[in-house]
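Asker: The sequence shown begins at 7 in my numbering and counts up by one. Let me give you the structure first, and then I'll get to my questions.
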Amino acid sequence: MSAFVRPAAGEDDPEVSGRYRPVTSQFAIAPPVSVVIPAMNEAENLPYVFKTLPDWIHEVVLVDGNSTDDTVRVARDLYPDVKVVEQRGKGKGDALITGFAACTGEIIVMVDADGSADGGEIVSYVSALVGGADFAKGSRFANGGGTDDMTLIRKLGNRVLCSIVNHKFGARYTDLCYGYNAFWKHCLDAIALDCAGFEVETLMNIRVVKAGLRVQEIPSHEFVRIHGASNLRAVRDGLRVLKVILHERGTRRARHPRQRLAIAPAANHGEVS
Ligand SMILES: Nc1nc2c(ncn2[C@@H]2O[C@H](COP(=O)(O)OP(=O)(O)OP(=O)(O)O)[C@@H](O)[C@H]2O)c(=O)[nH]1
Ligand SMILES: [Mg+2]
Numbered sequence: 007m008s009a010f011v012r013p014a015a016g017e018d019d020p021e022v023s024g025r026y027r028p029v030t031s032q033f034a035i036a037p038p039v040s041v042v043i044p045a046m047n048e049a050e051n052l053p054y055v056f057k058t059l060p061d062w063i064h065e066v067v068l069v070d071g072n073s074t075d076d077t078v079r080v081a082r083d084l085y086p087d088v089k090v091v092e093q094r095g096k097g098k099g100d101a102l103i104t105g106f107a108a109c110t111g112e113i114i115v116m117v118d119a120d121g122s123a124d125g126g127e128i129v130s131y132v133s134a135l136v137g138g139a140d141f142a143k144g145s146r147f148a149n150g151g152g153t154d155d156m157t158l159i160r161k162l163g164n165r166v167l168c169s170i171v172n173h174k175f176g177a178r179y180t181d182l183c184y185g186y187n188a189f190w191k192h193c194l195d196a197i198a199l200d201c202a203g204f205e206v207e208t209l210m211n212i213r214v215v216k217a218g219l220r221v222q223e224i225p226s227h228e229f230v231r232i233h234g235a236s237n238l239r240a241v242r243d244g245l246r247v248l249k250v251i252l253h254e255r256g257t258r259r260a261r262h263p264r265q266r267l268a269i270a271p272a273a274n275h276g277e278v279s
């Protein structure tokens with residue numbers, strides 16, 4: 007089967023003349039999807055990561071954190087079209103910001119390189135986005151999700167931090183510190199990421215709520231890291247997450263775009279802010 011199919015009608019109509027990518031046998035999408043993979047010494051895990059990526063994605067951007075193993079060579083062997091970006095700074099947040107800037111797709115999916123994420127779930131994230139969400143947020147604790155990787159103490163820490171975010175920012179999240187998420191590229195303008203470490207996911211989750219973006223949680227299963235050791239330090243990174251939450255607390259939440267739309271028709275005598 008061809009990798010691309012044409013829309014059923016309106017080839018001459020600029021509104022519908024884009025190419026649709028078949029995602030399942032029942033479902034095709036028009037927006038190109040970029041996958042960003044931050045990787046630091048993950049050569050042994052990359053075969054598992056690339057094996058599960060769907061063949062309809064537009065590009066893979068691998069952000070190499072100055073790996074001292076064969077991460078880059080293995081990535082190129084496995085996926086010759088991979089776009090490798092060398093990270094200048096340090097940390098997962100810095101890697102993701104670098105990778106997002108290199109994406110040419112309209113939808114961006116972030117996937118860890120430790121073999122803990124199933125690329126087969128990307129279709130769920132993308133479906134939510136083309137169905138109207140701005141940000142598709144993975145959750146290991148939503149119904150249908152799960153984790154084989156988190157210790158009890160990390161589960162507890164995540165739950166406490168998640169409750170604080172829900173309370174302070176009016177969110178209804180079931181998970182906070184999870185690296186498998188997807189969003190429309192235009193969201194980056196609204197969330198202006200500016201942090202270097204593992205707290206980047208928390209910062210994204212807070213800023214999308216503050217920006218009034220439509221967030222949909224996607225149940226996701228996190229498998230155990232296959233090879234190597236985690237770069238995360240539960241206490242150090244937990245404190246960094248808490249610091250981000252406290253720092254973000256001071257800024258007001260934007261009005262939800264739907265609320266703005268709802269009041270617009272009535273305000274025919276003046277400008278709606
Ligand atoms: N490029 C880059 N990637 C990083 C950096 N730190 C972590 N990563 C990657 O970010 C992903 C998540 O890191 P992990 O160490 O698995 O952390 P985690 O998933 O939060 O924690 P575990 O559940 O213990 O695995 C992996 O793909 C890492 O290789 C970094 O400084 N630079
Ligand atoms: Mg991991």
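Where is the CB? At the ideal position from N, CA and C, for every residue including glycine.
1) Would you say the beta carbon of L219 is closer than 8 angstroms to some non-hydrogen atom of ligand 2?
2) Answer yes if the stretch 48–61 comes into contact with the stretch 73–80, meaning at least three C-beta pairs across the two stretches below 8 angstroms, and no otherwise.
3) Per the contact definition of three or more C-beta pairs closer than 8 angstroms, is the stretch 143–151 in contact with the stretch 106–114?
4) Kindly indicate which residue of T104, R94, D87 and Q32 has the alpha-carbon position closest to the one of L199.
5) Give every residue of the same chain whose Cβ lies closer than 6 angstroms to the Cβ of A9, excluding the five residues on either side of it in the sequence, and list them in chain order.
6) Using CA atoms only, rank isn't needed, just tell me which of G126, A139, S122 and A235 is closest to I63.
7) Are there 16 or more other CB atoms within 10 angstroms of the CB of G137, so buried, or fewer, so exposed?
8) Which of the three DSSP states is assigned to S122 in this structure?
9) Leaving out five residues on either side along the sequence, give the residues of the same chain with a beta carbon under 7 angstroms from the beta carbon of S122.
10) Once DSSP output is grouped into helix, strand and coil, what is the label at A101?
11) Report all residues from its chain with a CB closer than 8 angstroms to the CB of R79; omit the five preceding and five following residues, and keep chain order.
12) Scan the stretch 159–202 and note each continuous beta strand (DSSP E) run of 3 residues or more that stays entirely inside, going in chain order.
13) Fully enclosed by the stretch 203–257, which beta strand (DSSP E) runs are 3 residues long or longer?
14) Would you tell me roughly how many angstroms separate the C-alpha atoms of T30 and L252, rounded to the nearest one?
15) Given 8 angstroms as the limit, tell me if V69 has its C-beta closer than that to any heavy atom belonging to ligand 1.
16) Here's the rule: buried if 16 or more other CB atoms are within 10 angstroms of the residue's CB, otherwise exposed. What is S236?
17) Between S103 and ligand 1, is there a pair consisting of the residue's CB and a ligand heavy atom that are separated by less than 8 angstroms?
18) With distances taken Cα to Cα, identify the nearest neighbour of R94 among D87, G71 and Y85.
19) Evaluate G163 with the Cβ neighbour count: other Cβ atoms within 10 Å of its Cβ, from every protein chain shown; 16 or more gives buried, anything less gives exposed.
20) Inspect the beta-carbon positions of F189 and K98 and report whether they are closer than 9 angstroms.
21) When burial is assigned at 16 or more other CB atoms within 10 Å of the CB, is V42 buried or exposed?
22) Got a sec, what are the start and stop residues for the beta strand (DSSP E) T74 sits in?
23) What span of residues does the alpha helix (DSSP H) with P28 cover, start to end?
Answerer: This is what the structure holds:
1) If you number the sequence shown from 1, residue 219 lands on position 213. It does not: the Cβ of L219 is nowhere closer than 8 angstroms to a heavy atom of ligand 2.
2) yes
3) no
4) Sequence index remark: in the sequence shown, residue 199 carries index 193 (1-based). Of the listed residues, the one whose Cα sits closest to L199 is T104.
5) Position 3 of the sequence shown, counted from the first residue, corresponds to residue 9. A caution first: A9 carries a pLDDT of 44, below 50, which makes its placement in the model too unreliable to give a value.
6) In the sequence shown, counting from the first residue as 1, residue 63 sits at position 57. I63 has its Cα closest to that of G126, out of G126, A139, S122 and A235.
7) By one-based count along the sequence shown, residue 137 stands at place 131. G137 should be labelled exposed.
8) For the purposes of this step, residue 122 is identified with residue 116 of the sequence shown, where counting begins at 1. Coil.
9) Against the sequence shown, residue 122 aligns to sequence position 116. Contacts found: D155, E228, F229, V230 and R231.
10) Here the question's residue 101 lines up with position 95 in the sequence shown. A101: helix per DSSP, three-state reduction.
11) Residue numbering aside, residue 79 sits at position 73 when the sequence shown is read from its first letter. Answer for R79: A49, listed in chain order.
12) 187–190
13) 221–225
14) The residue you call residue 30 lines up with position 24 of the sequence shown. The residue you call residue 252 lines up with position 246 of the sequence shown. Looking at the two C-alpha atoms, the distance is approximately 42 angstroms.
15) For the purposes of this step, residue 69 is identified with residue 63 of the sequence shown, where counting begins at 1. Yes, ligand 1 has a heavy atom inside 8 angstroms of this Cβ.
16) Residue mapping note: residue 236 aligns to position 230 of the sequence shown, counting from 1. S236 is exposed by the Cβ-count criterion.
17) In the sequence shown, the residue the question calls residue 103 occupies position 97. Looking at the sequence itself, residue 103 is Ile, so the reference to Ser does not match. I103 Cβ: outside cutoff for every heavy atom of ligand 1.
18) As a position in the sequence shown, residue 94 is number 88, starting the count at 1. Nearest C-alpha to R94: G71.
19) As a first step, residue 163 is located in the sequence shown; it is residue number 157 there, counting from the start. With 16 or more other Cβ atoms within 10 Å, it is buried.
20) Counting from one through the sequence shown, the residue named residue 189 turns up at place 183. Counting from one through the sequence shown, the residue named residue 98 turns up at place 92. No. Outside cutoff.
21) Position 36 of the sequence shown, counted from the first residue, corresponds to residue 42. Counting Cβ neighbours within 10 Å, V42 comes out buried, since at least 16 surround it.
22) Translated into positions along the sequence shown, residue 74 becomes position 68. Run containing T74: none; DSSP gives neither H nor E here.
23) Position 22 of the sequence shown, counting from 1, holds the residue named residue 28. Careful: P28 lies outside any alpha helix (DSSP H), inside the beta strand (DSSP E) at R27 to T30.
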